[in-house]
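First comes the structure, then the notes that go with it.
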Amino acid sequence: MAQSEIVLNIENIDPLHLYGENNIKFNLLKKAYPELTFTNRGSQIKIIGDKKDSQEAKSKVEWMVRILKEKNELTVHAVEDLLAGVSPFAAKISMSENNKLILHGRDGRSIYAKTRNQQVLVDAVETNDISFVIGPAGTGKTYTAVALAVRALKNKDVKKIILTRPAVEAGESLGFLPGDLKEKIDPYLRPLYDALDDMIPAERLTQFMESRVIEIAPLAFMRGRTLDNAFIILDEAQNCTPLQLKMFLTRLGPSAKAIITGDLTQIDLPYSQKSGLKDATYRLQNIQGIKTVYLSREDVVRHRLVKEILKAYENEQSPKPQIQAEKTEEE
25 MAQSEIVLNI
35 ENIDPLHLYG
45 ENNIKFNLLK
55 KAYPELTFTN
65 RGSQIKIIGD
75 KKDSQEAKSK
85 VEWMVRILKE
95 KNELTVHAVE
105 DLLAGVSPFA
115 AKISMSENNK
125 LILHGRDGRS
135 IYAKTRNQQV
145 LVDAVETNDI
155 SFVIGPAGTG
165 KTYTAVALAV
175 RALKNKDVKK
185 IILTRPAVEA
195 GESLGFLPGD
205 LKEKIDPYLR
215 PLYDALDDMI
225 PAERLTQFME
235 SRVIEIAPLA
245 FMRGRTLDNA
255 FIILDEAQNC
265 TPLQLKMFLT
275 RLGPSAKAII
285 TGDLTQIDLP
295 YSQKSGLKDA
305 TYRLQNIQGI
315 KTVYLSREDV
325 VRHRLVKEIL
335 KAYENEQSPK
345 PQIQAEKTEE
355 E
């Protein structure tokens, strides 16, 4: 039986987060491979034993590190799934190993499509000037779109990036919030700032913002403009009315590229108003150069429970209105 000794040096993560308190996560690894000898000192892990088993254990450690880096957490449950060979994260990444690199982020981290449908979005944007992407929270719609816009700017395919959202708030009135207009709307634009922070060094991002190479503004500010030589992202488009979305789409100049993102399960418009996103994707579905990409809960890249939460809500087929309708008929 061939023996081997493998030494792994763990970089850019806190070993405590990998091993767990009192080595609880690392001990799960030891328990899964009782014939191997494991030692862990600081950021170094040594594996000694049968060559084939050692290589398999090494792969598990590498997956633990990757999950921790990608999701910023490594739960005991995730380690148990990984060792049992049923890790949803590992399966999802394995399917997307051939996905294209989008760009290198601010810290040199590779940013790429993490799921099959995210890769479909990347491909759609490369071959279409207008792309709609529809999916639930946590599927990376905004993040992937911003990454594609930053790549286009870095490659000098466009001269500027314009990021916009409708100023429709979830349960709050902007008029009653303190501060000037910028202070009122900035919280609603925060996800766009957060994505940019991951991809562009802070000083460079400030320069881009001050010179308006990168512009972030409410949708209403797009009225009357022609947006050319630009990569434009309209985020949260489910909160646009049909007229607002028509206004946005007709702003595009001949050298513009646009991504429109939205989640049709999170519409904050008054009940009497129709979502422009649903309307536009229906009207424009047969136009060459316009593509609609759908993401699902299988594309969720947030906490593992988010997928289960979405599933629970999707399974609730609104029984209450049906009961009410029956009562009305009886009356």
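In my numbering, the protein residues as written are 25 to 355.
C-beta: ideal position from N, C-alpha, C; glycine also.
Taking just the CA atoms, how far does residue 32 sit from residue 39? 12 Å
If I measure Cβ to Cβ from residue 48 and keep anything under 7 Å in the same chain, skipping five residues before and after, which residues do I get? 100
Tell me whether residue 132 is buried or exposed, calling it buried when 16 or more other Cβ atoms sit within 10 Å of its Cβ.
Classification of residue 132: exposed, given that the 10 Å Cβ count is below 16.
Checklist entry - Of the choices 292, 29, 162, whose alpha-carbon is the least far from that of residue 323? => result 162
**Asked** Less than 8 Å separating the beta-carbons of residue 189 and residue 251?
**Response** no
Please state if the CB of residue 238 and the CB of residue 245 are separated by a distance shorter than 8 Å. At least 8 Å separates the beta-carbon of residue 245 from that of residue 238.
Quick check on the DSSP output: the beta strand (DSSP E) that includes residue 319 runs from which residue to which?
Residue 319 -> no beta strand (DSSP E), and no H or E assigned at all.
For this session: Could you check what DSSP says for residue 57 in three-state terms: helix, strand or coil?
Result: coil
- Extent of the continuous beta strand (DSSP E) to which residue 189 belongs: Per DSSP, residue 189 belongs to the beta strand (DSSP E) from 184-189.
### Message
Quick check on residue 286: buried or exposed, where buried means 16 or more other Cβ atoms within 10 Å of its Cβ?
### Response
buried
Q | Candidates 82, 138, 103, 43, of which the one nearest residue 65 by Cα | A | 43
Self-check item: Paired residues, beta bridge with residue 128 - DSSP
Solution: 134
field: Cα-Cα separation, residue 338 to residue 58
entry: 42 Å
Below 8 Å between beta carbons: does that hold for residue 265 and residue 219? Contact check for residue 265 against residue 219 fails: the beta carbons are separated by 8 Å or more.
Item to complete: Pick helix, strand or coil for residue 196, following the three-state DSSP scheme.
Response: Below a pLDDT of 50, predicted positions are generally treated as unreliable, and residue 196, at 41, falls in that range; no measurement from the model is reported.
Run the CB neighbour count on residue 141, radius 10 Å, all protein chains shown included, and call it buried at 16 or more, exposed below. In this structure residue 141 is buried. Its beta-carbon is surrounded by 16 or more other beta-carbon atoms within 10 angstroms.
Quiz item: Between residue 126 and residue 225, what straight-line distance do the alpha-carbon atoms span, to the nearest angstrom?
Solution: 17 Å
Handout entry: Bridge-paired residues (DSSP) for residue 282
Key = 154, 256
- Item | Opposing strand residues paired with residue 73 [DSSP bridges] | Note: residue 73 is bridge-paired with 28 in the DSSP secondary-structure output.
Spatial neighbours of residue 71 within its chain, please: C-beta separation below 7 Å, excluding the five flanking residues on both sides.
30, 60, 62, 78, 81, 82
Could you compute how far the alpha carbon of residue 119 sits from the alpha carbon of residue 248?
No answer about residue 119 holds up, because its pLDDT of 47 lies below 50 and its placement is not dependable.
Return yes when the Cβ of residue 183 is within less than 8 Å of the Cβ of residue 254, no when it is not.
A contact, by the Cβ cut-off of 8 Å.
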